[in-house]
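Right, one structure below, let's go through it.
Pasting the structure below:
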């Protein structure tokens, strides 16, 4: 099980780096989907064989929503709204990668110092979660395209979830489903808003830097 | 009873999406608001002196919940009465489907805020607070302009990201409760707080403050607030400012309750006081010289959330003062946002410089604009005066003289900064172009405002014993 767990964590880290270094929206969305599926498999890495029914359901729902529904929604938005598929960065891709590597180092350093209670199943756990959270926040602020902000939000949530799933902080099935529902509706509302933004102000083309009429 | 309180707005809200007949929609809005308030009032006595419990203790109406729920319910009633007239008047040209989304989201918004007040499971609390964001985002976009679109986008992204950090805090709290099998039920956490792992509890508290603080609008995380509040329709601004901000604060208070029980002592108090004063200062900077009256009110909300944070940070009388101030701010700010809606409809502009002579053109509205300003900024006799005095007194009593002095100085700056625009708008001659249109104000648009004002004015010299009792119990619960 540890092999599977560490493999999945490495996958999550690699998808983060992929997103930091790529300039194509398609790559972002696919990497995000892969990360979501990897996250769902984390549910199956617990000790003691096959998990309970409720957890299996949760994992399946996570997989379908993050690996299937979200990418479909986002690709549809790109197609129908005619968004440019190149991402314009505020921070260059090489710089982003370097910052990412530095963040990974920092996350590993902090992860080694956090006094986690109970059995720690992998030393990679906490660093991976923290690095994913950082990647999400970075994508939100460092890319101009509004779709990458949605993706950044998703990556951030994935990071938070990695903590939740992997540390077995079983918050209960209902709450986990509620959280998932919230994220789903959240992304749905965001995508609808993006459609409207594109229809309302044609020239914006999802460039979030043009959303700056409101200020003091 | 709690189930009804929760299900009623949710179910009626969902039904509303399917209705295409405007009078029915307005009836649904009004009916739900009245029923919700009636249920809330009946819960005040408690069912035979017991706190109402449902869902195996996941939902419970404790003193703090009762207070925030009552504020929400009352304000929603006022907003609904106003809203019916609003939908009939200015927005009758909008298609029915448009209004259906508005009423539906408004009712679901009420349902999610009710859930925030009732939730005793901190995971459920997170779900509820995030749901308030999602239910209210379409409301901000009601006018379908590019400006409201921008405000909606910022609101969605900034609040969702902020609240994601609160989710991390919730997981950390679960780690802190490792010896309690990771429970997230408030009662268990408070009851056995001695077993919590303090380092994780502290990190959780910081993440709660940052996460939910974004939603509360504490500086420097407040940037979505002026945009959303100023672009939303009056009814929505009133609820966002008067009800939602308080409820988000409840998220922070729940964790403070746990920290208090875990004997962390003064931990986090400094953070709250610091953020509170920073919010007040930030608001003061943007209030002085503000050119848009709805943004002015929005920044005033940032200021008042700062007052709450300072009060809660000081503890003791400060907590009671802050809770009381939440009541006063909600009534006062609700009334001013609704009044601003009347002015916007009459003058078709949000620029302070283009609004003159409200008192002459819209007599009831003008009077309430002035009275509401006095009540909100804490001119005696008003409830806000008393509650701000309580917070200031708590600062001096705790020996934090510097905090007290800065607090009072900032209140004064805000008062002066707000006085000029309010007086200029109320007095003078209305612009000729506006006067020719002869805007009218209907009774339904002035009555709820006047009643809100009456409430905040009365609280200045008479606090009903029931409310006093509730405030004391809530303060004791939150670990004053």
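Protein chains in written order, with this note's numbering: chain A, 5 to 220; chain B, 195 to 674. Virtual Cβ for every residue (Gly too), placed ideally from N, Cα, C.
Suppose contacts are defined by Cβ-Cβ distances below 8 Å. Is residue i in contact with residue j by that definition?
| i | j | result |
| --- | --- | --- |
| residue 9 of chain A | residue 126 of chain A | yes |
| residue 66 of chain A | residue 40 of chain A | yes |
| residue 618 of chain B | residue 550 of chain B | yes |
| residue 315 of chain B | residue 378 of chain B | yes |
| residue 568 of chain B | residue 518 of chain B | no |
| residue 429 of chain B | residue 288 of chain B | no |
| residue 143 of chain A | residue 23 of chain A | yes |
| residue 149 of chain A | residue 21 of chain A | no |
| residue 642 of chain B | residue 275 of chain B | yes |
| residue 223 of chain B | residue 278 of chain B | yes |
| residue 440 of chain B | residue 262 of chain B | yes |
| residue 307 of chain B | residue 437 of chain B | yes |
| residue 495 of chain B | residue 481 of chain B | no |
| residue 253 of chain B | residue 202 of chain B | no |
| residue 197 of chain A | residue 350 of chain B | yes |
| residue 303 of chain B | residue 433 of chain B | yes |
| residue 42 of chain A | residue 16 of chain A | yes |
| residue 562 of chain B | residue 628 of chain B | no |
| residue 601 of chain B | residue 613 of chain B | no |
| residue 190 of chain A | residue 333 of chain B | no |
| residue 500 of chain B | residue 473 of chain B | yes |
For residue i, which beta-bridge partners are listed by DSSP?
| i | result |
| --- | --- |
| residue 147 of chain A | A:93 |
| residue 28 of chain A | A:90 |
| residue 248 of chain B | B:253 |
| residue 486 of chain B | B:545 |
| residue 315 of chain B | B:379 |
Just how far apart, CA to CA, sit residue i and residue j?
| i | j | result |
| --- | --- | --- |
| residue 136 of chain A | residue 104 of chain A | 10 Å |
| residue 295 of chain B | residue 270 of chain B | 17 Å |
| residue 655 of chain B | residue 220 of chain B | 36 Å |
| residue 94 of chain A | residue 435 of chain B | 34 Å |
| residue 183 of chain A | residue 582 of chain B | 37 Å |
| residue 331 of chain B | residue 646 of chain B | 26 Å |
| residue 225 of chain B | residue 211 of chain B | 16 Å |
| residue 427 of chain B | residue 337 of chain B | 8 Å |
| residue 534 of chain B | residue 559 of chain B | 9 Å |
| residue 120 of chain A | residue 207 of chain B | 44 Å |
| residue 512 of chain B | residue 109 of chain A | 43 Å |
| residue 79 of chain A | residue 11 of chain A | 28 Å |
| residue 634 of chain B | residue 542 of chain B | 13 Å |
| residue 242 of chain B | residue 233 of chain B | Residue placement at residue 242 of chain B is poorly supported in this model, since its pLDDT is 48, which falls under 50; the coordinates still yield a value, given next. Each residue's alpha carbon lies about 15 Å from the other. |
| residue 320 of chain B | residue 248 of chain B | 18 Å |
| residue 664 of chain B | residue 522 of chain B | 15 Å |
| residue 204 of chain B | residue 443 of chain B | 22 Å |
| residue 200 of chain B | residue 101 of chain A | 47 Å |
| residue 27 of chain A | residue 99 of chain A | 13 Å |
Mark residue i as exposed unless 16 or more other C-beta atoms lie within 10 angstroms of its C-beta, in which case mark it buried.
| i | result |
| --- | --- |
| residue 179 of chain A | buried |
| residue 96 of chain A | exposed |
| residue 152 of chain A | buried |
| residue 476 of chain B | buried |
| residue 552 of chain B | buried |
| residue 624 of chain B | buried |
| residue 485 of chain B | exposed |
| residue 215 of chain B | exposed |
| residue 75 of chain A | buried |
| residue 606 of chain B | exposed |
| residue 198 of chain B | exposed |
| residue 425 of chain B | buried |
| residue 218 of chain A | buried |
Report the neighbours of residue i on chain A: residues whose CB is nearer than 9 Å to its CB, in chain order.
| i | result |
| --- | --- |
| residue 317 of chain B | 175, 176, 178, 179, 180, 182, 183 |
| residue 568 of chain B | Neighbours of residue 568 of chain B on chain A: none; closest Cβ ~25 Å, over 9 Å. |
| residue 341 of chain B | 217, 218 |
Could you tell me which chain A residues have their CB closer than 8 Å to the CB of residue i, listed as they occur along the chain?
| i | result |
| --- | --- |
| residue 678 of chain B | Given that chain B is displayed from residue 195 to residue 674, the structure contains no residue 678 of chain B and the question cannot be resolved. |
| residue 421 of chain B | 218 |
| residue 543 of chain B | Correct list: empty, because the minimum Cβ distance to chain A is about 16 Å. |
Residues of chain B with CB under 7 Å from residue i, in chain order?
| i | result |
| --- | --- |
| residue 167 of chain A | 362, 365 |
| residue 104 of chain A | Simply none; closest approach about 19 Å. |
Residues of chain A with a CB under 7 Å from the CB of residue i: which are they?
| i | result |
| --- | --- |
| residue 350 of chain B | 193, 194, 197 |
| residue 321 of chain B | 179, 182, 183, 186 |
For residue i, go through chain B and note every residue whose CB falls closer than 8 Å to its CB, in chain order.
| i | result |
| --- | --- |
| residue 157 of chain A | 351, 354, 355, 358 |
Which residues in chain B have a C-beta closer than 9 Å to the C-beta of residue i? List them in chain order.
| i | result |
| --- | --- |
| residue 121 of chain A | 369, 370, 372, 373, 391, 394 |
| residue 84 of chain A | Simply none; closest approach about 17 Å. |
Consider the C-beta atom of residue i and the heavy atoms of the ligand NAP; say whether any pair is separated by less than 7 Å.
| i | result |
| --- | --- |
| residue 546 of chain B | As presented, the structure is devoid of all ligands, the ligand NAP included, so that no description of it is given. |
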